[in-house]
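According to the working numbering, the sequence shown is numbered sequentially starting from 216. Just so you know, even glycine gets a beta-carbon here, dropped at the ideal spot from N, CA and C.
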Amino acid sequence: MDATIEQVGSKIKELPSTYEIIRKNKIANRIIFVGGLPGCGKSMMSPILGALQDVEIQKYNYSIEHVCSLYRLGRITEDATVAMIRMLTDLDLYNLSMTREINLRYKDLSSIFKNPKPWRYIKRLFMDGDAEALIRIKRDNPILQTLTHNLLIHGVPIVRAMKENFCLVEGVRHPLYMVRQWRLYIERYGNDDRDFTIWFNHNGHQLPFFTKGWEDLYVASNSMDKVIYSIEKSLGMAQSALDNMTPRERDGVVIVPFEQFVVNPWPYLEKITSLVGTKINNTTLKEMKRQNVPRDMIADGINRPIYRQYGWKPSKKGTTERDELQERRDFVKAEATSDALKVLDRLCEEYEDKYMTGILH
């Protein structure tokens with residue numbers, strides 16, 4: 216048996232590298248991708264988008280994230296990455312149409328019981344599947360909603376896989392509002408059995424894919440500095456991906472600043488619905504109310520155990536937006552080196568100038 220495996224392995228090595236990996240068939244004709252850096256507000260936006268007409272419940276697709284991470288590390292070709300994205304999104308919609316791979320855990324944010332229309336998935340359990348499922352998909356033309364982390368970092372192969380009838384929603388947020396979640400997680404990268412980020416080896420260290428090119432700085436940094444540099448480098452990679460898209464590809468990208476969306480979501484929802492051909496309905500409005508959107512103060516989120524687990528705290532009565540930011544900066548300052556703190560201050564200033572003019576007071 217060992218000899219047979221060796222022979223097969225030898226033949227694989229001899230295969231020509233000119234095979235183009237393709238998938239021209241298409242099941243998912245309309246797709247909303249939702250993503251962003253950890254702590255950007257994806258879990259608030261995705262249920263609202265899932266309540267738009269014809270949009271399916273949010274589906275976390277780690278496989279797409281992993282394929283794109285391998286592509287960024289140069290371990291998989293662009294044609295293979297594009298074909299895999301097409302295949303995985305088609306498979307997601309196909310399975311959703313038959314209530315396969317559905318989350319039934321009541322407390323999970325991705326559970327069908329947290330979706331405004333859970334009974335559609337219960338109903339599908341008793342419908343015919345397989346070929347009949349494809350007939351229903353072609354008839355109803357549902358909109359797949361796919362969630363990944365670090366979406367825009369992986370944006371180039373994703374937009375090239377979709378080409379049309381898609382929307383890539385990239386959530387962005389003030390760096391000081393993301394720091395706590397990052398700080399609680401940062402040392403799990405490369406160490407925790409439950410961290411499913413793609414890692415690579417660097418001088419015996421298991422490092423997350425996004426540290427490619429600045430490995431030594433990451434290894435030498437303390438935990439808070441790792442957070443700051445990770446946010447800085449990730450934002451840079453996201454901007455680079457956007458710069459490498461064609462104008463037509465960029466048309467499908469919607470940057471959603473958390474601070475603007477929670478106060479005035481309508482311009483962003485209008486752009487998203489226009490791109491994929493859907494609309495806001497009463498179900499959407501009910502879900503927005505449940506998410507407290509629109510709201511008076513940015514920090515007035517929903518008090519949930521999972522949010523508290525990652526550092527969320529309710530805003531203090533009588534505080535301003537500036538007060539909230541200062542409290543978070545003090546938290547960072549207690550651990551960060553002066554060099555890293557300067558980087559964070561620059562990122563904050565750039566973000567405020569770009570997205571928060573007229574909001575801070």
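Next item on the list: With a cut-off of 8 angstroms on the beta carbons, I'd call Val583 and Met260 a contact; round off their distance for me.
Entry: Past the edges of the chain, shown from 216 to 576, lies residue 583, and the structure says nothing about it.
Next item on the list: Measure the CB-CB distance between Pro253 and His420 and report whether it falls below 8 angstroms.
Entry: no
Next item on the list: Evaluate the contact criterion for the segment 441-451 versus the segment 464-484: three or more CB pairs, one atom per stretch, below 8 angstroms.
Entry: no
Notebook entry, point to check: Who does Asp362 pair with in a DSSP beta bridge?
Noted result: Per the sequence shown, the amino acid found at residue 362 is Leu instead of Asp. Leu362 is bridged to Val249 and Tyr275.
Check: Using the C-alpha atoms, what's the distance from Leu340 back to Lys241?
Finding: 24 angstroms
Checklist line | CB-CB length for Ala243 against Asp305, believed under 8 angstroms | finding: 5 angstroms
Next item on the list: Note down, one range per segment and in chain order, each alpha helix (DSSP H) of at least 4 residues found wholly within the segment 380-446.
Entry: 390-400 and 430-435
Note to self: I need the boundaries of the beta strand (DSSP E) containing Pro472, first residue and last residue.
What the structure shows: Val468 to Pro472
Notebook entry, point to check: If you drop the 5 nearest sequence neighbours on each side, which residues of the same chain put their C-beta closer than 6 angstroms to that of Leu267?
Noted result: Thr493 and Thr499
Next item on the list: Return the first residue and the last residue of the alpha helix (DSSP H) that Met313 is part of.
Entry: No alpha helix (DSSP H) contains Met313, which DSSP labels as neither H nor E.
Note to self: Rounding to the nearest angstrom, what Cα-Cα distance links Val223 and Arg290 in this structure?
What the structure shows: Confidence in Val223 is poor, its pLDDT being 46 and thus under 50, which makes the residue's placement unreliable; the coordinate value appears in the next sentence. So the two alpha carbons sit approximately 21 angstroms from each other.
Check: Using CA coordinates, which residue listed in Thr535, Asp560 and Glu536 is at the minimum distance from Val547?
Finding: Asp560
Notebook entry, point to check: Do the CB positions of Ile247 and Val384 come within less than 8 angstroms of each other?
Noted result: yes
Margin query: Which of the three DSSP states is assigned to Val297 in this structure?
Written below: helix
Item checked: Close-in-space but distant-in-sequence residues of the same chain around Leu308 (CB under 6 angstroms, 5 per side omitted) -> Ile242, Ala243 and Leu359
Note to self: Using only the alpha-carbon positions, how far apart do Arg463 and Lys427 sit?
What the structure shows: 29 angstroms
Margin query: For Arg409, tell me which candidate among Tyr400, Asp343, His417 and Asn416 has the shortest Cα-Cα distance.
Written below: Tyr400
Notebook entry, point to check: Under 8 angstroms, do Ala348 and Ile300 count as touching if we go by C-beta distance?
Noted result: no
Next item on the list: Using a threshold of 8 angstroms, state whether the C-beta atoms of Pro262 and Gln506 are closer than that.
Entry: yes
Next item on the list: Measure the C-alpha to C-alpha separation of Ser326 and Gly251 and round it to an integer number of angstroms.
Entry: 21 angstroms
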